[in-house]
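Residue numbers (the numbering used here): 8 to 148. Just so it is clear, CB atoms sit at the ideal spot from N, CA and C, and this is done for glycine as well. Model, not experiment: these values are computed from the prediction. Below is one structure; the comments refer to it alone.
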Amino acid sequence: MIKKEKYIPQDLYKRIIRAKEFIDDCYSDSINIERIAREAYISPYHFIRVFRKIYNKTPHQYLTRRRIDKAKELLSKDSSVTNVCFDVGFESLGSFSTLFSKHVGYPPAVYRMERRRKLMLSVCFPEKLIPYCFLLQNTML
Numbered sequence: 008m009i010k011k012e013k014y015i016p017q018d019l020y021k022r023i024i025r026a027k028e029f030i031d032d033c034y035s036d037s038i039n040i041e042r043i044a045r046e047a048y049i050s051p052y053h054f055i056r057v058f059r060k061i062y063n064k065t066p067h068q069y070l071t072r073r074r075i076d077k078a079k080e081l082l083s084k085d086s087s088v089t090n091v092c093f094d095v096g097f098e099s100l101g102s103f104s105t106l107f108s109k110h111v112g113y114p115p116a117v118y119r120m121e122r123r124r125k126l127m128l129s130v131c132f133p134e135k136l137i138p139y140c141f142l143l144q145n146t147m148l
């Protein structure tokens with residue numbers, strides 16, 4: 008959710024958005040705060056401060072969340088945990104697993120197995136995924 012503060016000049020606001028779009032496009036690359044701040048044409052310190060005011064998180068937090076979200080998408084397919092780790096821009100399988108667990112609640116391999124289980128359940132037993140209240144309401148029981 009974007010929160011636009013009144014005291015952030017419009018040109019600065021647009022530059023921060025451009026830097027955020029840079030993160031969205033290059034999340035899998037090895038990028039650092041200096042490189043991202045250069046996209047906004049401001050100092051790293053000022054960039055972090057303004058980015059946090061607009062998006063309510065630091066650029067690093069945003070980049071990590073972007074990578075985790077993409078990893079969840081890739082893990083839903085047939086990619087291995089190691090491939091996903093490096094495809095989304097993490098440099099260490101250990102740090103990827105730790106951050107993924109922190110954000111999602113369980114490790115990437117468990118997430119992938121759970122997604123496969125739910126997919127199999129939806130194919131074999133679709134009625135198991137329909138909420139009971141919906142079944143009652145629509146007299147499907």
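Per the C-alpha coordinates, the member of Ser37, Val57, His53 and Arg56 positioned closest to Leu70 is Ser37. Using a C-beta cut-off of 8 angstroms, the region 67-83 makes no contact with the region 17-25, since fewer than three inter-stretch Cβ pairs fall below that distance. Per DSSP, the unbroken alpha helix (DSSP H) holding Asn90 starts and ends at Val88 to Asp94. Where Ser50 is concerned, there is no enclosing alpha helix (DSSP H), because DSSP gives it neither an H nor an E. Separation of the CB atoms of Arg72 and Glu46 is rounded to 18 angstroms, and the pair is thereby denied contact status at 8 angstroms. Between the region 85-96 and the region 112-122, the count of C-beta pairs closer than 8 angstroms reaches three or more; the two stretches touch.
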